[in-house]
Structures are given as C-alpha cells and as structure tokens.
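Peer 1:
2 protein chains.
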Amino acid sequence: MTTKTATERNQPGKLSAPQLPGRPCSIARSLDLLGEKWALLAVREVSFGNHRFNEIARNTGAPRDRLAARLRALVEAGILERRQYQASPARWDYHLTPAGRDLAPVLRALLVWGDRWVSPEPPATLRHGDHDLDLDWICRRCDQAPGDRSVTVHANTPGWDLRGPQPR
Amino acid sequence: MTTKTATERNQPGKLSAPQLPGRPCSIARSLDLLGEKWALLAVREVSFGNHRFNEIARNTGAPRDRLAARLRALVEAGILERRQYQASPARWDYHLTPAGRDLAPVLRALLVWGDRWVSPEPPATLRHGDHDLDLDWICRRCDQAPGDRSVTVHANTPGWDLRGPQPR
Chain A
22 MTTKTATERN QPGKLSAPQL PGRPCSIARS LDLLGEKWAL LAVREVSFGN
72 HRFNEIARNT GAPRDRLAAR LRALVEAGIL ERRQYQASPA RWDYHLTPAG
122 RDLAPVLRAL LVWGDRWVSP EPPATLRHGD HDLDLDWICR RCDQAPGDRS
172 VTVHANTPGW DLRGPQPR
Chain B
22 MTTKTATERN QPGKLSAPQL PGRPCSIARS LDLLGEKWAL LAVREVSFGN
72 HRFNEIARNT GAPRDRLAAR LRALVEAGIL ERRQYQASPA RWDYHLTPAG
122 RDLAPVLRAL LVWGDRWVSP EPPATLRHGD HDLDLDWICR RCDQAPGDRS
172 VTVHANTPGW DLRGPQPR
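As given, the protein sequences belong to chains A and B, one line each in that order. Residues in the first sequence are numbered consecutively from 22, following our numbering. Residues in the second sequence are numbered consecutively from 22, following our numbering.
1. Does the segment 147 to 160 of chain B come into contact with the segment 148 to 164 of chain A, if we say contact requires no fewer than three beta-carbon pairs (one atom in each stretch) closer than 8 Å?
2. Report, in whole angstroms, the separation of the C-beta atoms of B/M47 and A/P33, which I expect to be a contact under 8 Å.
3. Please classify B/R50 as buried or exposed, where buried requires at least 16 neighbouring CB atoms within 10 angstroms.
4. Just checking my contact of A/R103 with A/Y115 at CB under 8 Å: how many whole Å lie between their CB atoms?
5. How is B/G185 classed by DSSP in three states: helix, strand or coil?
6. Nearest CA to the CA of B/A94: which residue from B/Q40, B/L131, B/V64?
7. Taking buried to mean at least 16 other C-beta atoms within 10 Å of its own C-beta, is A/S109 buried or exposed?
8. Which residues does DSSP pair with A/W158 in a beta bridge?
9. What's the C-alpha gap between B/P84 and B/R189?
10. I'd like the list of long-range same chain contacts for A/V96, defined as Cβ closer than 8 Å, with 5 residues on each side in sequence excluded.
11. So what's B/L36 in DSSP terms, helix, strand or just coil?
12. Does chain B have any CB closer than 8 Å to the CB of A/Q32?
13. Under DSSP, the alpha helix (DSSP H) around B/V172 begins and ends at which residues?
14. I'd like to know whether the C-beta atoms of A/W138 and B/K35 end up nearer to each other than 8 Å.
15. In whole angstroms, what separates the C-alpha of B/D12 from that of A/R44?
16. Distance check for B/W134 and A/D123, CA to CA, integer angstroms please.
17. Looking at chain B, which residues of the segment 54 to 86 of chain A have a Cβ within less than 7 Å of any of its Cβ atoms?
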C-alpha cells in the first residue's frame, strides 16, 4: 500500500488515488489499494458476514499483525468501516462500505478462475435464486458476450500507449 | 507464493493447488498463485502485447528483482510461458498460457472497480467492436444480472460453513 503524498487529490465519490510508478492504470490503482492477498480475503470474510477481527483472522489464516495492518489500510482507503458494537469494554467490528460491496465482481472473477484452474473441487458454490450461478460477462451496449478477440484497449493518458511511454 | 508441498496433488487441466491456511477457497488459491500486484500487472502487460522483460519492467514500474521472481513463479504456476525468440545470444520472452488468457475477467473486474472508485479519469478504455465496452455480469442459467441480494454462497467443504470451521 502506498503512503499518501502531497500530490494526491481526492475527488467526490472516489477513493484516494496514489501516485504509482509505471503505466497509468486503474488495475494498478485497484491492486495498490487492495494490497496483497490478506486484504481481499478480509473483504471476502466480511462479505460472508464475519465482521469481527478474530473471525476474520481464523477464517483467512492471516498472521494477526499483518491482518491488523491490512484492515487499518482498508478502513483508511474507504473499503471497510469500523463500527462500535459494544461500549464497555469498547469493541469494534468491520463492515463493507459501498466501495467494498462493489468489490463483489472482483471476488467472483477470482472465484471463477480458481474453480476453473486451481481447486480440485469448488470449495463453495454461488446460488442464484433456485439454481447455481453460472456467471458470464455481457456488454450492456450490444447485449453480446465480449469474446476476447473483439475487445481492444485504448490508452487515454497522454504520453502512454499500449506499448509503453511514448515521446510527446 | 507458496512452495510446493508433498501433499499437493495435480489434476489434469488444473494448475497446482497449494495447501493454504484458513477457509478452503478458490479466491484464496487464485490470490496465492497470483502473488501480489506485480504478478497481475505483468499479466496485464503481456496481454497488451509487451512480452519482453525490459518492456514489462518499464511499463509496470516493478523493481527488477521482484519482477524476475514473479515471472519465474508465474511460469512455474503455468500462467505464463517462456519462449525463445533469439538464438545467439539466447533471449526469451513471455506469453500467456490458456490459464493466463483466462485471467482477462479478473483484470477487467479490477479495471472496472478502479475506474469507478479510484482513477480520476479512466486511463484506458475498452472498445468492443465499434462501441465502448460496458461490462456487466449475467447468469447464463437464467439470463438475468445477478443482483447481489439474490446470490447466496454455499460452502461445499466438510468442516467449514460460511461462519468458519465447524465441529464435525
């Protein structure tokens, strides 16, 4: 995770966008905010309804010191929020913000990939009403699935194209 | 990334599934194989057509030693493959395997989230034929978008439910 810098600007409705090396890229910014795997696994547990530190630690298997650091960073980034659930002694738990809830497609994409390529058997099943969820992407503009070959990437940032930095 | 263990079993058509702490989960297995952000950013660059180490290093901004370690791990995991493109002196570059190409939805989900929540302006645009790609998920079983509330998760692994490990 990147420390906030003086050049960082916040926009309404956006989390803070850190200055990063390399290609200007929303994937890079997402991964920087999300840190390494314990962060996304903590979001997984909170989305499963496990809100307390001890539950998140047990179910992720994360080392407690690293998990505590990740949770602090996720709260600071605006992906989780702490809520007090007990006054004396004071106790807090973790809940998803709108930005955290919006990570569901990222977790689902990782779940689908891991089911396909890594797990011997799917350790969990997503149900959609009365049937198994069978996820696919669709383009809302044309109602067609984006076959990989028809999708092209266009760099919008001055000084960069798909090959890399370009002289202006 | 986890070192291979004696208890690890490979299945045909699967990458190796390491033994991990915590909840049995395809998200955790995916993130373990993918390591931290440099790995996914390397996959991004190769998918953009930048196959050589120097190109990947320049466009990700990754420290060269950490990038070299990530590329080795991605090759060992079966997500990238090295191909020799020059004989004398011998030079290799990196290409996506089928498992690597299948990471496109993960990168797209991160791109959509970062465009929505982090980037002041989208640094890149995905085009789909003659229009901007406007990605959404759909369930192939019912042709309906999975609204978050209708999706439920069912743990398939003995000894675990959504709350955590359970006595058998």
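Ideal Cβ positions, reconstructed from N, Cα and C, are used throughout, including at glycine. The structure presented is a predicted model; accordingly, all values stated were derived computationally and were not measured.
Peer 2: On the basis of the coordinates in this document:
1. The segment 147 to 160 of chain B is in contact with the segment 148 to 164 of chain A.
2. The question names Met, but residue 47 of chain B is Ser in the sequence shown. By a beta-carbon distance limit of 8 Å, B/S47 does not contact A/P33. Their separation comes to about 36 Å.
3. When all chains shown are included, B/R50 counts as buried.
4. Beta-carbon to beta-carbon, A/R103 and A/Y115 are separated by about 6 Å, close enough to satisfy the 8 Å threshold.
5. Under the three-state reduction of DSSP, B/G185 is assigned to strand.
6. Nearest of B/Q40, B/L131, B/V64 to B/A94, Cα basis: B/V64.
7. Taking all protein chains shown into account, A/S109 has fewer than 16 neighbouring C-beta atoms within 10 Å of its C-beta and is therefore exposed.
8. Among the bridge pairs identified by DSSP, A/W158 is matched with B/W158.
9. When rounded, the distance between both Cα atoms is 47 Å.
10. If we look at A/V96 and ignore the five residues flanking it on each side, its Cβ neighbours are E102, R103, Y115.
11. Note: B/L36 maps to coil in three-state DSSP.
12. It does; some Cβ of chain B falls within 8 Å.
13. Segment 172 to 176 is the beta strand (DSSP E) holding B/V172; no alpha helix (DSSP H) there.
14. B/K35 is positioned such that its CB atom lies closer than 8 Å to that of A/W138.
15. The structure shown does not extend to residue 12 of chain B, since chain B is modelled only from 22 to 189, so the question has no answer here.
16. Between the alpha carbons of A/D123 and B/W134 lies a distance of about 7 Å.
17. Taking 7 Å as the Cβ-Cβ cut-off, the segment 54 to 86 of chain A approaches chain B at L54, E57, K58, L61, L62, R65, F69, G70, N71, E76, R79, N80, T81, G82, given in chain order.
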